[in-house]
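These notes concern the structure reproduced below.
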Amino acid sequence: MTSKAIPDASNFVKGVDTSFEVILGIIFFFLIAITATMIYFVFRYRKERNPVATQIHGSVPLEILWTVIPTLLVMVMFYYGWMGYKPMKEVPDDAFVIKSVGRMWNWQFEYENGKKTDTLYVPLNRAVKLDLIALDVIHSLYIPSFRLKQDLVPGKKQMMWFIPGREGEFDIFCTEYCGLRHSSMQTSVIVMPQDKFDSWYIDTTKTVPLITDKPGALGLIIVKKNGCLACHSLDGSKLVGPSWKALFGKTETVVTNGQTREIIVDTAYVINSVYNPNDDVVKGFNKGLMLSYKNELTEDDIGEIIEFMKTLK
Amino acid sequence: MSNHAHIDEHRDDEGAKTGMWIFIFTELILFGGLFIVYSVYRYLNPAAFHLAAEELDTFIGTVNTVILLTSSMTIAMSVSAIQYQNKKLTLILMGVTILLAVVFMVNKYFEWSGKIAHGIYPGSPTLMEASQGEILFFGLYYAMTGLHAIHIIIGVAFIAYVMRLVVKDEVQHDNFTILENSGLYWHLVDLIWIFLFPLFYLIT
Amino acid sequence: MHMSDTVIQNHEPNYLEYQGRYKGIFAWIFSTDHKRIGLLYLYSMLVLFSAAAILGLLMKIELIAPGKTIMDAQTYNSFFTLHGITMIFLIVVPGLPAVFGNFFLPLMIGAKDVAFPKLNLLSWWIYIAGAAIVLSSQFFGDGPPDTGWTFYAPYSFRTGTNMLPAVTGAFILGFSSIATGINFIVTMHRMRAPGMTWMKMPLFPWALYGTSWIQVLATPIVGITLLMIVLERTLQIGFFDPALGGDPILYQHLFWIYSHPAVYIMILPAMGVISEIIPTFARKTIFGYKAIVVSTLAIAFVGYFVWGHHMFTSGMSGTALYTFSILTFLVAIPSAIKIFNWVATLHKASIDIQTPFLWALCFLFVFMIGGLSGMVLGALSANVHLHDTAFVVAHFHFIVFGGTGYAFFGALHYWYPKMFGRMYDKGWANIGLAVFFTGFNTLYLPMFYLGMIGMPRRYYDYVEEFHGPNIVSSFGAMLMISGLVIIITNLVRSARKGEIAEADPWKGKTLEWTVASPPPLENFAEIPVVTKRPYDYE
Amino acid sequence: MEKEQHTHIVKYKTYVFVLIALLLMTFTSVAITSLNLGPYTVSAALLLAGSKSLLVLLIFMHLKFDKKFYSIMVGGVFLLFASVIFITFLDYLYR
Ligand code: HEA
Ligand code: HEA
Ligand code: CUA
Ligand SMILES: [Cu+2]
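Residue numbers (the numbering used here), protein chains in the order written: chain U, 1 to 313; chain G, 314 to 517; chain D, 518 to 1055; chain X, 1056 to 1150.
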């Protein structure tokens, strides 16, 4: 559909683009023909050239003609649209399943062997099925080059599937408005040949990074993978949540059950903030935006995050 | 016709009635939106709706139905009464309608406060423990009967206003469209209840 | 009905001069005269339109380059929200009926006023109250709302911003819309001049008739839906919150059950205006009067059943998907019929090319682009790719701004001499139109392309790939605004300085041209008796 | 505008009969639900509610005595609403 369109980027590109082109052909014909007729009439029958109008009240055959023909044409359009769409709902049984989670405002992909990434890796020429889960509000996973889009609705199981046909990296956007950083909810899908994909898939060293001497390095990785930085800045600027700069050890004003109080940010407080974000809501911020990470993060993980926070002086 | 004020007070009884009917359609559709929500959630949670409906008291519901139907009759009769030029009867019938409406509201009050005393109200801890279907059922119960109750209050106000006009002889046997319209409004309230009743009280 | 030669030269005060019980501004804001109410709406809307349009311009400036240009993301999000709410709920939905419907419906059917003049004034007051409440959301609380005009659940009750006033305001506006609808329907049923049978009624009133029914029968749905959002936010009643068992997709159903018919509330009166302008300047009766009437009613009716095309990617059932897709295609047919009849009217006409006619021609062109791009969106597979991209934004600006907006300006230029008794400068009007039209296409055509290559809508920031077309588009916005400034300045200036207009400057044949310009207070000294069809040039 | 005369006066007796019919139907529907007819309970209750509302519309609200035009409008509105519900359920029934 675009100048850079890759006809086999996925198995759906052809169906979608065909329907698009058929419709485009029909509508361009009408647009040009009608505009041309209109301009011709205005030119030919302007007052100067045709001082007296001929009164014509209508014509039943003509009305029938221009009702029936467009009706047939729109049915053609419907047909192509439907044919291009139908395969999108017919998933092959042997598809490679990846759990895809959308939350404000990042993506996470979980593979069957437990690997988790924020970029989608898929094998070339193999049916891939994404199980789509939204944790907070509606998001929508959109891969323009694949001509694919599906909303992720909280509380509802959705899926999409495709067979990638070209090696390379393609954009993924979130196309359902989901708040402040909706437009930054981007990532990409990386298509690799099966053998390359396999070695990537088996390689677990990537998920257990080398523990460097630098304190907090592991914490930073955990933070990145869970998308905390979508809401928390490290440099003191205010995003959706409070900045983490010099957070640990500072005195924070929070609202607990409607009561305003002061507390010192210590380990227990951070753990509780991550597990039950709505217990103590930092003054000046909104309740309900941060979700609990009870199922995602262990206390050890949070310990690493705290190590990382301590480095942010 | 030279300098006198702009005449906008032309009288058109049929037009006023048409307007009232169209307004009634908008009210029906307003409730219609809630009925759509109700039917979808009922379809998705049949068991929970069943269970939740047991909580409601069919007896109070039936009594209130009888009350509303009777009040609907009295207001309809008042239109005949004014046409027979029986002012006193008209006023009595309208008064009875209002009285019945008040009884309805008193019943409603006891019903609601009973529920609330049991800890069943939107956002209550008891309800939050319940299944999602039950939360939806009671959410809809409060929203729909609440909106209906607001309509009762508006209807009573409307009828009371028309009663004043009858007293002042501004509504008479040859000029009673506004009485008819207040009656139409009251029947609308009745009409909605006719559906609310089985949907909430009788699906056990 | 030929009364153009017997215009009543009375010395009664016209509606602009008349002084009643109140003086000064009160003579306007408490007037029940349909003409004054029409102008009240016109002025309120011009102010609101300018405000919302400037938000649009600022958004375009922001989008001229990726990353932050002049505002941050939160501001951008609240801008398109307010822009969308204002444009839709405050301008294009009420727009044509409230301004031109109020002013011209009674004149065109030979009545002295609408059926319920007091209710009519009340509608305006409700409108102002609703507008004030919507706008108040900007100034207090936790910041301007940021949900988009669609208020999708569950985001709309998760966000911490000031949602309640926006939603409540939109809810209140619904009553204004409903009251106007009721008023118009009854007016047309009860107050047509003697002899004006339904099939002798002009097409603008017909369009208003269809529109009014949609207003009356669809608006309550959005009313109750918004009310549910309010209850959900304040009382924790779980209507749409998945955590409480609600279904967010049901919210979308309810929202679009209203909001799709609402797009026909916007376009039907616009089509009505075009059906008036074309025969007048073609000096020719309209081609296929009955076909146009029938297609008006058909659009109003079928338009109720296509709402699902806004939800093709939301995860509806397959059955619903293809039903909605087929119905979407079918609803295009009546629009097509109208286009064909309008063009056929030009055949063997004797066309007087004046500013309103040029607006009508431009309308036809941009409306076709907007409507035909709707065909692309109605096709399931193309929609999956294009949904929620800039393509949709281009579609609806072409059809909402290009359709309703152009018709609004066309109507303003057409009826201006009747409303104000003066003529604008035709030269400047045409120059303004030319600049505006060029800018319009430069602004929105690139957005079709952006959508095709995958740029999502409601995007504050975008990847480098989308930069080029965005520059062109932003440039177009500035060009278009220059055009608008010329147009509006010309109109504002001419209201005082323009030459005096005669009663029937365009040689129109409908009843409003038979009275003086500006019309006398009571419209008709004597109610006319209609014997002929509306566009009778024989 | 000429003024139409409301000529038809409904007799008190008619209203009383209608009320009796309405009450009977109410009690029937209460009785039916305690019988437990399974899935038919709801349809029976709704059917009765439908007949009740028809009576209210025709007699109490005078549709029977008014111009046809009112009945057509009311019918149209109910039809429209039914179609909207039907189409909404095309989604939920086939998910
Ligand atoms: C005035 C308002 C208006 C009007 C009249 C229309 C008219 C139409 N609209 Fe549009 N639409 C909107 C306003 C409008 N729309 C808005 C505001 C949105 C976005 C909402 C949001 O998400 O914020 C939207 C979104 C929208 C979508 C959803 C896109 C998405 O989000 O995925 C779709 C999908 O089907 C659609 C389709 C159509 C169709 C088929 C018509 C048809 O009625 C068009 C009919 C007209 C023609 C077809 C042209 C004239 C005919 C001819 C030239 C003859 C030849 C024709 C043929 C042979 C077919 N519209
Ligand atoms: C009537 C409807 C209407 C109109 C006319 C417009 C007009 C404009 N819109 Fe609008 N737009 C919408 C309805 C409309 N829009 C809707 C419904 C949305 C969706 C919102 C959502 O997503 O929720 C939207 C969204 C939207 C977006 C998408 C945001 C996004 O998805 O990221 C953008 C971006 O560029 C935009 C831009 C513009 C621009 C530049 C104009 C310009 O054309 C405006 C130009 C006009 C002017 C600037 C006028 C200036 C005039 C004066 C200064 C005159 C002075 C006055 C007097 C003297 C009296 N609009
Ligand atoms: Cu996630 Cu937009
Ligand atoms: Cu639509």
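Note that the Cβ used here is the ideal one computed from N, Cα and C, for glycine as well.
Exposed unless 16 or more other CB atoms sit within 10 angstroms - verdict on residue i
i: residue 482(G); result: exposed
i: residue 113(U); result: exposed
i: residue 621(D); result: buried
i: residue 562(D); result: buried
i: residue 543(D); result: exposed
i: residue 419(G); result: exposed
i: residue 447(G); result: buried
i: residue 715(D); result: exposed
i: residue 262(U); result: exposed
i: residue 883(D); result: buried
Simplified DSSP state of residue i, which is helix, strand or coil
i: residue 910(D); result: helix
i: residue 507(G); result: helix
i: residue 870(D); result: coil
i: residue 233(U); result: coil
i: residue 995(D); result: helix
i: residue 1137(X); result: helix
i: residue 173(U); result: strand
i: residue 194(U); result: helix
i: residue 288(U); result: coil
i: residue 625(D); result: helix
i: residue 1023(D); result: coil
i: residue 1119(X); result: coil
i: residue 358(G); result: coil
i: residue 750(D); result: helix
i: residue 836(D); result: helix
i: residue 894(D); result: helix
Closer than 7 Å: residue i CB and nearest ligand 4 heavy atom
i: residue 904(D); result: no
i: residue 780(D); result: yes
i: residue 823(D); result: yes
i: residue 464(G); result: no
i: residue 777(D); result: yes
Chain D contact for residue i (CB, 8 Å cutoff)
i: residue 55(U); result: yes
i: residue 16(U); result: yes
i: residue 1067(X); result: no
i: residue 113(U); result: no
beta-carbon residue i near ligand 1 non-hydrogen atom, thresh 7 Å
i: residue 770(D); result: no
i: residue 70(U); result: yes
CB contact check: residue i to chain X, cutoff 8 Å
i: residue 384(G); result: no
i: residue 1054(D); result: no
i: residue 457(G); result: no
i: residue 425(G); result: no
Heavy atom of ligand 2 within 7 Å of residue i beta-carbon
i: residue 580(D); result: yes
i: residue 595(D); result: no
i: residue 617(D); result: no
i: residue 1144(X); result: no
Cβ of residue i within 8 Å of any chain G Cβ
i: residue 1018(D); result: no
i: residue 707(D); result: yes
i: residue 1032(D); result: no
i: residue 1098(X); result: no
i: residue 1064(X); result: yes
Cutoff 8 Å: residue i Cβ touching any chain U Cβ
i: residue 881(D); result: yes
Give me every residue whose Cβ sits closer than 5 Å to any heavy atom of ligand 3, in chain order. 139(U), 174(U), 178(U), 182(U) and 185(U)
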